[in-house]
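Note that the UniProt record's numbering numbers the sequence shown so that position 229 is 229, with each residue one more than the last. Every residue gets a Cβ at the ideal spot worked out from N, C-alpha and C, and that includes glycine. Inspection log for the structure reproduced underneath, given as C-alpha cells.
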Amino acid sequence: MEGAVGHTALSEPSGQGKPTCQYIDLLAERRQSSDLRWAIREWKSVGDYKYGNHLTRKEIFDHVLQSDRVQHTISQLVEGGKDQEVLINEVEEILEQMGHTQDISVIRQFAFVLPKIMKRIYGKVMINEEGIEKLRSTLVETPVVLLPTHRSYADFLLVSYIAYHFNLPLPVIAAGMDFMSMAVIGDKLRGSGAFYIRRSFMDNTLYWAVFQEYVLTIVECTGAPLEFFLEGTRSRSGKSLPPKIGLLGCVSECWLRGRLPDLAIVPISISYERTLEEKLYAYELLGVPKPKESTSGLLKATSILKENYGDIYITVGDAVSVREFLEPLVDRHLSVATPSHLAPLSRPELSACESLGYHMLRKIQQGVVTSVWSVMCIHLQRVLSTGQWSLPFDTLVQETAWLIDLLKRIGAVISVEGGVKESVERCLEIHREVARLGEDGRVHIQRLYNHSLATTNGTKMSLKGTSLINAVTEQVLQHYINKVIHLLIRPALLSLALISLHTTTLEKLKSRFEFLRSLFGYDFIFEKNAEGRDFMEGLSVMMWCGEASLVQDHVHLVQGGGRFMKTLLNVLSPFVLAYFCTARTLASQEWVDNGELVAASQLAVENCLTPGSGRYSALSLDSIRHALRALTRMGAATRITGEDGKVRLKPVVQSVSSIVEVLGHLIRSQPLKHKL
C-alpha cells in the first residue's frame, strides 16, 4: 500500500497482533538531490554510547598489547621456549594486519558512490523507521552488536550506509582476509571500519588472544557498534546457515565474566528481491569453485549495472539483551570472580551461546520481507517437476495469489505492490532471465546453463549435460524458494511425518516429527530445545488449513492431503531425495575421503533423476554436506582411525538402514517418480 512519497506500509497478519510496519525508501531523496552534496554534508553521529571513549588506532593497539590476556599468553609461550621480543613483534604484526581505521573521508567516498550504484540497479531500498529509532535509543544505553543477514556481497557496506544516512554511530565490521587482498578496495574497506580476521586460527593461541582482546576493546572501551555476520559466510542457498559461535561467544564473554552489566544484540534482516550472485551461487552449489575475490573481478562485474535487481527491504529488529537471554542458562557466579583471561568459556556457557545464536537467527528470519517472486518460484519449480517448461500466465497468478493469502495468515510479511497480477508481471520483468511472459500468454521458464560458466580454474563439472541444463535453472529457483522456506518448514515436516505414519497417535507423530527435525537440522534452522513448540506450530497450521484433524489423541490426514499439503511436500522433496541418496551412499562402504563421499552422493542423486521428474535442486552439494553432518551426529556413522593412520567414516549399519528406510518410504509416498 503506497503512502507518502518514499514510504510503504506493510501490513502484518492481523492474527499476530502487530501494528502496521512503516518502511521508508532510502533512495527517494537521493533521486532528487545531489549525491556529492549529501556525501560531504556536515556529519555528526547522534546516539553514541554514553560511556564510550574515542580511541585512536594506536590506543586500541596499545590497549590490546598491554591487556592481561595477551600478556598472559605471551608469558605462557615464553615458558614454552619462545622469545618474548619475537612474540611482541608478532602481536604488533597481527594488529597491523587486523586493525581498522574508520576514516570519515573514506566513509564519504562510499556515501557518494553507493547511492549512484544502488539507483542504477535497485528500485527502492526500504527500511523500517521505527527500528532505526529504537536502535538509536539502545546505542546510547548499552554496547550494541549488529547481526545482519549475509546473502550477498552487497550486505557488506549496507549497514554502514544506513548509519551514515541516519547519523548513527558508524559500526566496526568483522571481515574475512579475502577482502584485504583486494587492491585498493581492501584499504578502502579498512578505512570504512572493517577489521580483518583469518578464517581459521583456533589452534594459534597468540592470534586467538589478540583477536579476543581486540573485539572486547571495541565493545567495552570504544562503545562503537560491532557488526558481524552470525552465519560466518554468504549463504549460497538463500537459507539461514547454522550460527558460528566464535565471535558471538567472544562478545558474550563481556557479560559472562562481569566486564559489562549487559550488551544488546540487534538482528537486521536484509531481503533482496533479486540476488546479485544468483547464477554464480547455482554453479557453486553444483560443484564449480567460487572465484577468488579480486579488484579485477569486481571491475568485470560492472555488467550488473545494466540490470534491474528490484527492491531491498531492511528490517532492524528489536534488541535482545544478552543478560536476559543467558542468565537462566548459565551459573555465572561460578566464574565471574575469575579474571576472564584465566577462565575460558565452559562447555555449558558455549552451549548457551549456541542457543543465543539460533535464537538470533530465528529473530532475523522473523524480520524477513518475502518477495512475490519467492512465492512464484514454488509453483514454477512444481511445473518443472512435471517435465514442462511453461504454463499459462493466469494459472501462475491464481496459484501465487492463493499461496500469498495463506502465507500471510500464518505470519508472512510479503511485499505486494498493487494487486497480485501486477506484482507477478513486475517480477517477471525483473527476473526475465529466469522466466518470461510470452506473446502467447504463457510464462516460459528459461534454460540458464552456460558452458563457459560451468568451468573455472580448469575444473570441469562432473554432472552430465542433461542434468546441468535442468539443474542450473532449478538451483536458481530453489535459491528464491529457500528465502520463504522458514515459514513453511514446520508444517512441511509435520506433513512428512503424517504421510510416513498415516493415522497415528499424537505421541508417535511428535516422535517422528522430532526425528525429521533432527535429521534436517543443518538445512533448516530451529531454536535449541524448542521441539515441542515447533511441533505444535506445525500441527496448528495443518489443522487450521484443514489438512489434518485431531480426534481423541489420534491425528488423521483429511482426504489423503489437500492442496497445501501437496505444496509442502513438493517444497521438501529435493531435500528428501538428497538425504536418501546420501544415506544410501554412506551405507555402501567405509569412506576415507569425505570429498569422495560427497561426490559419490551427488552422482547417486543424479542417477535417481529421470527426464521430467524434476528435483534437480537435490544435486546441491550444500544439502549433501548437511546430510552427512546430520547422519554422523545421529549415529549413522562413526569416525575410526585405521592402522594406516587415516580417519575413515564407517557406517553404523542398523542406524543408517533405518534412516534409509524412512526416507525411501517418503519418496515412494509422493507422486514424483525417481529411479530408486
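Presumed contact (8 angstroms Cβ cut-off) between residue i and residue j, rounded CB distance
| i | j | result |
| --- | --- | --- |
| His-556 | Ser-240 | Wrong, their Cβ atoms sit about 33 angstroms apart, outside the cutoff. |
| Leu-569 | Ser-495 | 6 angstroms |
| Val-656 | Ile-624 | Actually they do not touch by this definition, with Cβ atoms about 15 angstroms apart. |
| Ile-499 | Gly-561 | 7 angstroms |
| Phe-325 | Leu-350 | The Cβ separation is near 14 angstroms, so there is no contact. |
| Val-322 | Trp-255 | 5 angstroms |
| Thr-233 | His-150 | 7 angstroms |
| Pro-651 | Ala-636 | 7 angstroms |
| Ala-435 | Val-443 | 5 angstroms |
Top-ranked residue by Cα proximity to residue i, from the options
| i | options | result |
| --- | --- | --- |
| Ile-173 | Phe-166, Met-182, Leu-158 and Ser-657 | Leu-158 |
| Arg-274 | Ala-630, Lys-483 and Asp-48 | Lys-483 |
| Leu-396 | Leu-350, Ile-445, Ala-412 and Lys-363 | Ile-445 |
| Pro-171 | Pro-143, Arg-151 and Ser-152 | Pro-143 |
| Leu-147 | Leu-230, Asp-178, Ala-264 and Lys-508 | Leu-230 |
| Ala-175 | Lys-119, Ala-28, Gly-411 and Gly-193 | Gly-193 |
| Asp-523 | Trp-373, His-626, Gln-654 and Gly-465 | His-626 |
| Val-369 | Asp-187, Leu-285, Arg-490 and Tyr-313 | Tyr-313 |
| Asp-68 | Ser-340, Leu-305 and Glu-429 | Ser-340 |
| Lys-50 | Trp-43, Leu-139, Leu-114 and Glu-85 | Leu-139 |
| Pro-328 | Ala-111, Leu-345, Ala-319 and Cys-353 | Cys-353 |
| Lys-306 | Asp-187, His-479 and Ile-430 | Ile-430 |
| Leu-345 | Ser-669, Gly-258 and Val-662 | Gly-258 |
| Gly-238 | Lys-464, His-479, Tyr-579 and Gln-388 | His-479 |
| Leu-506 | Ser-540, Val-647 and Gly-52 | Ser-540 |
| Gln-109 | Ser-200, Tyr-164 and His-72 | Tyr-164 |
Separation of residue j from residue i, as counted between CA atoms
| i | j | result |
| --- | --- | --- |
| Gly-223 | Glu-141 | 10 angstroms |
| Ser-252 | His-359 | 14 angstroms |
| Asn-128 | Thr-315 | 6 angstroms |
| Ser-415 | Cys-221 | 41 angstroms |
| Ser-467 | Asp-155 | 32 angstroms |
| Glu-439 | Cys-427 | 17 angstroms |
| Val-266 | Leu-380 | 35 angstroms |
| Ser-303 | Ile-117 | 12 angstroms |
| Val-551 | Gly-645 | 57 angstroms |
| Val-571 | Leu-577 | 12 angstroms |
| Gly-664 | Gly-81 | 58 angstroms |
| Val-660 | Ile-640 | 22 angstroms |
| Thr-632 | Phe-526 | 19 angstroms |
| Asp-534 | Lys-363 | 15 angstroms |
| Ser-601 | Glu-278 | 24 angstroms |
| Val-653 | Ile-74 | 49 angstroms |
| Glu-96 | Gly-310 | 40 angstroms |
| Cys-377 | Leu-77 | 56 angstroms |
| Glu-514 | Leu-87 | 50 angstroms |
| Phe-520 | Cys-608 | 20 angstroms |
| Leu-276 | Val-375 | 19 angstroms |
Residues bridged to residue i (per DSSP)
| i | result |
| --- | --- |
| Phe-195 | Ala-174 |
| Tyr-51 | Answer is none; Tyr-51 lacks a bridge partner. |
| Ser-415 | Ser-371 |
| Pro-148 | Ile-268 |
| Arg-442 | Pro-392 |
| Pro-651 | Ala-637 |
| Asp-25 | Met-126 |
| Glu-590 | Bridge partners of Glu-590: none, in fact. |
| Val-320 | Ile-265 |
| Val-555 | Thr-504 and Leu-550 |
| Leu-226 | Val-145 and Val-172 |
| Ile-312 | Val-125 and Tyr-272 |
| Leu-437 | Val-443 |
Classification of residue i by the beta-carbon crowding that lies within 10 angstroms, buried from 16 upward
| i | result |
| --- | --- |
| Asp-622 | buried |
| Lys-510 | buried |
| Pro-225 | buried |
| Glu-474 | buried |
| Gly-3 | Its pLDDT being 37, under 50, Gly-3 is placed unreliably by the model, and the measurement read from it follows with that caveat. When all chains shown are included, Gly-3 counts as exposed. |
| Leu-36 | exposed |
| Met-126 | buried |
| Asp-331 | exposed |
| Glu-399 | buried |
| Thr-338 | exposed |
| Gly-131 | buried |
| Glu-213 | buried |
| Met-180 | buried |
| His-100 | buried |
| Met-202 | exposed |
| Ser-462 | exposed |
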